[in-house]
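Numbering that gives the first Met the number 0 numbers the first residue of the sequence shown as 0 and each following residue consecutively.
Read through the structure below, which is laid out as structure tokens, and then see the notes.
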Amino acid sequence: MAVCGRSQSALDRFAREHPEALAIRADITDGAARAAMLDAVTDRFGRLDVLVNNAGIMVDRDFAAGPDATRDLDAEIAVNLTAPVHLTGEALRRWPGLDAVVFVTSGFALVSPTRAPTYGAAKAGLHGFAEGLRRQFAPDGTHVLEVIPPTTDTPMNADKTVRKLPASAVAAATLRALDKRRPMALPGASRLLPGMLRLAPNLMGRAVGKL
């Protein structure tokens, strides 16, 4: 197992808990950093079997309030959309026989949050990329799995007061979906989203508007 992140303290803690794993400090929005990360994986393990794209940042943006709504927008879009696309392409070029690629998107990929519309837009873009990529590799190539979790108990959501699904539950749902080669995993309350969007899209929009 190899993990990457930007927090050295979090990586050090992970390495202590999982000494057999490789913990790499890397900014996936930087092309050179991605290449170095993939080189480190090659040096340690020889190849990668499953790539999990789970980086994400959410920035509240009120476009009705003034011109600052687009501040640091490129960085947000890079983390949530373009960097995972680049990393996926680079991993597939390096290891054409990759067994699976996982994209952790969000319920907001299906219904965009009022307070963070660019987050919803980026995650919707990743949702679309996963869908198209899955068809490119169908039926017997690389398994493309999209995980659509509800609000999860992670540092990004530390200030949220809504009920949060433990990250361990999202991980367990991901492993089950990988084992069964499902196209999508909908852990927790997310399993209700597709049906609710078909039956009551306006109600869902109003509910998300309160988040």
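Glycine included, each C-beta is placed from N, C-alpha and C at the ideal position.
Quick one: grab the DSSP three-state call for residue i.
i: residue 19; result: coil
i: residue 84; result: helix
i: residue 192; result: helix
i: residue 4; result: strand
i: residue 24; result: strand
i: residue 90; result: helix
Go to residue i, then tell me how far its alpha helix (DSSP H) extends in each direction, as first and last residue.
i: residue 128; result: 116-136
i: residue 44; result: 30-44
i: residue 169; result: 166-178
i: residue 74; result: 72-76
Looking at residue i: is its Cβ nearer than 9 Å to the Cβ of residue j?
i: residue 106; j: residue 149; result: yes
i: residue 109; j: residue 123; result: yes
i: residue 80; j: residue 147; result: no
i: residue 22; j: residue 14; result: yes
Can you find a heavy atom of the ligand GDP that lies under 8 Å from the Cβ of residue i?
i: residue 89; result: The model on display carries no ligand, and the ligand GDP is accordingly not part of it.
How close, in whole Å, do the beta carbons of residue i and residue j come, if the pair is a contact with beta carbons under 8 Å?
i: residue 129; j: residue 145; result: 4 Å
i: residue 10; j: residue 52; result: Incorrect: roughly 18 Å between the Cβ atoms, too far for contact.
i: residue 125; j: residue 104; result: 5 Å
i: residue 58; j: residue 117; result: 7 Å
i: residue 20; j: residue 32; result: Their Cβ separation, rounded to whole angstroms, is 19 Å, which puts residue 20 and residue 32 out of contact at 8 Å.
From which residue to which residue does the beta strand (DSSP E) around residue i run?
i: residue 143; result: 142-146
i: residue 102; result: 99-103
i: residue 51; result: 49-52
Exercise. Pair every Cβ in the segment 65-77 with every Cβ in the segment 94-103, then say whether three or more of these pairs are closer than 8 Å.
Key: Because the criterion of three Cβ pairs below 8 Å is not met, the segment 65-77 and the segment 94-103 do not touch.
Practice problem: Tell me, please, whether the segment 109-118 touches the segment 195-206 by the rule of three or more beta-carbon pairs shorter than 8 Å. | Solution: Taking one beta carbon from each stretch, the segment 109-118 and the segment 195-206 have 3 or more pairs nearer than 8 Å; the two touch.
Exercise. Could you tell me whether the segment 29-46 touches the segment 61-70, using the rule of 3 or more Cβ pairs below 8 Å?
Key: With fewer than three CB-CB distances shorter than 8 Å, the segment 29-46 does not count as touching the segment 61-70.
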